[in-house]
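Visitor: Residue numbers (my numbering), protein chains in the order written: chain A, 1 to 108; chain B, 1001 to 1116.
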């Protein structure tokens, strides 16, 4: 069963699929956003960032989209691999706030 | 070392004990942050240093929590008279420059504190 406190939204995908993780941020004053990946027992690790003067930024296999009108971020991971399994957090720079997180589970 | 180092990795304390958690940031990083992460939650901001100056301590949950960075490098987070609700992972992060809120953070692996 699920442990108390582990009520993270979970996205389950098959290896090779594309994954989309969404995040609603809270502060209109935020102008810099970061996606972090956190594996079990480790600290968050930087994936990609975006500033508010952009609406899209691409990295290696990852893309971040920013919609300031509705205060929404998304992280797209192409050709998801088992090593991508982790909890993903968005963070905004105003008050240095992290979102709740989404757990990504990738099946071989 | 190349990354942010935190010690101890695990700490078990009896309720009422004082604890001290250490963070060694990446060499040369100006900004240092402490976060608290409860099980299944995102990190919650506690405090922020720029060199030795504590610029923001608005996230510290009570006056039992105290952080310092006296020489602008190593930082210590101290929790006095620990309570069960203090049980969490305490994460330290550093960033290179002065505009810390516009830079990515490099995190350590955290100290897992359990208060019995």
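Glycine residues also receive a C-beta, built at the ideal position from the N, C-alpha and C atoms.
Starting from residue 1029(B), follow the beta strand (DSSP E) in both directions and report where the run begins and ends.
Guide: Working through the second chain from its first residue, we reach residue 1029(B) at position 29. From DSSP, residue 1029(B) is part of no beta strand (DSSP E); its letter is neither H nor E.
Visitor: Which residues of the region 1085-1105 of chain B have a Cβ closer than 9 angstroms to any Cβ of chain A? Give them in chain order.
Guide: Hits within the stretch, in order: 1089, 1091, 1092, 1093, 1100, 1101, 1102, 1103, 1104, 1105.
Visitor: Closer than 9 angstroms, Cβ to Cβ, to anything on chain B: give me those residues from the region 31-43 of chain A, in chain order.
Guide: Answer in chain order: 31, 32, 34, 36, 38, 41, 42, 43.
Visitor: Over the uninterrupted beta strand (DSSP E) stretch that includes residue 1024(B), give me the two end residues.
Guide: Taking the second chain and counting its residues from 1, one reaches residue 1024(B) at position 24. Residues 1019-1024.
Visitor: How about residue 1054(B) and residue 1030(B): do their beta carbons lie closer than 8 angstroms?
Guide: Position 54 of the second chain, counted from the first residue, corresponds to residue 1054(B). Position 30 of the second chain, counted from the first residue, corresponds to residue 1030(B). Contact flag unset, no.
Visitor: Kindly say whether residue 93(A), judged by its beta-carbon, lies nearer than 8 angstroms to any beta-carbon of chain B.
Guide: Here residue 93(A) is taken as the residue at index 93 of the first chain, counted from 1. Yes, its Cβ sits closer than 8 angstroms to a Cβ of chain B.
Visitor: Taking 8 angstroms as the CB-CB limit, is residue 1041(B) close to chain A?
Guide: The residue given as residue 1041(B) occupies position 41 in the second chain. Closer than 8 angstroms to some Cβ of chain A, the Cβ of residue 1041(B) qualifies, so yes.
Visitor: Going by beta-carbon coordinates alone, are residue 1095(B) and residue 1105(B) separated by less than 8 angstroms?
Guide: Reading the second chain from its first residue, position 95 is the one you call residue 1095(B). Reading the second chain from its first residue, position 105 is the one you call residue 1105(B). In contact: residue 1095(B) and residue 1105(B) (Cβ atoms closer than 8 angstroms).
Visitor: Pick helix, strand or coil for residue 1009(B), following the three-state DSSP scheme.
Guide: On the second chain, position 9 is the one that residue 1009(B) refers to. The answer is coil: DSSP assigns residue 1009(B) none of H, G, I, E or B.
Visitor: Please name the residue or residues paired with residue 1035(B) in a DSSP beta bridge.
Guide: Here residue 1035(B) refers to the residue found at position 35 of the second chain. For residue 1035(B), which the question treats as bridged, DSSP gives the partners 1045(B), 1091(B).
Visitor: Cβ closer than 7 angstroms: which chain A residues qualify as neighbours of residue 1108(B)?
Guide: As a first step, residue 1108(B) must be located in the second chain, where it is residue number 108. Those within 7 angstroms of residue 1108(B) in chain A are 43.
Visitor: Starting from residue 29(A), follow the beta strand (DSSP E) in both directions and report where the run begins and ends.
Guide: The residue labelled residue 29(A) in the question sits at position 29 within the first chain. Looking at the DSSP string, residue 29(A) is not in any beta strand (DSSP E), and its letter there is neither H nor E.
Visitor: Residue 55(A) versus chain C: which residues are under 7 angstroms apart at the beta carbon?
Guide: This model lacks chain C altogether; the protein chains it does include are A and B.
Visitor: With DSSP as the reference, identify every bridge partner of residue 112(A), one or two as the case may be.
Guide: Since the first and last residues shown for chain A are 1 and 108, residue 112(A) lies out of range.
Visitor: Considering only the beta carbon of each residue, do residue 19(A) and residue 104(A) sit closer than 8 angstroms?
Guide: Against the first chain, residue 19(A) aligns to sequence position 19. Against the first chain, residue 104(A) aligns to sequence position 104. A contact, by the Cβ cut-off of 8 angstroms.
Visitor: Taking the Cβ atom as the reference point for each residue, do residue 1111(B) and residue 1016(B) lie within a distance shorter than 8 angstroms?
Guide: As a first step, residue 1111(B) is located in the second chain; it is residue number 111 there, counting from the start. As a first step, residue 1016(B) is located in the second chain; it is residue number 16 there, counting from the start. Cβ distance not < 8 angstroms, so residue 1111(B) and residue 1016(B) don't count as in contact.
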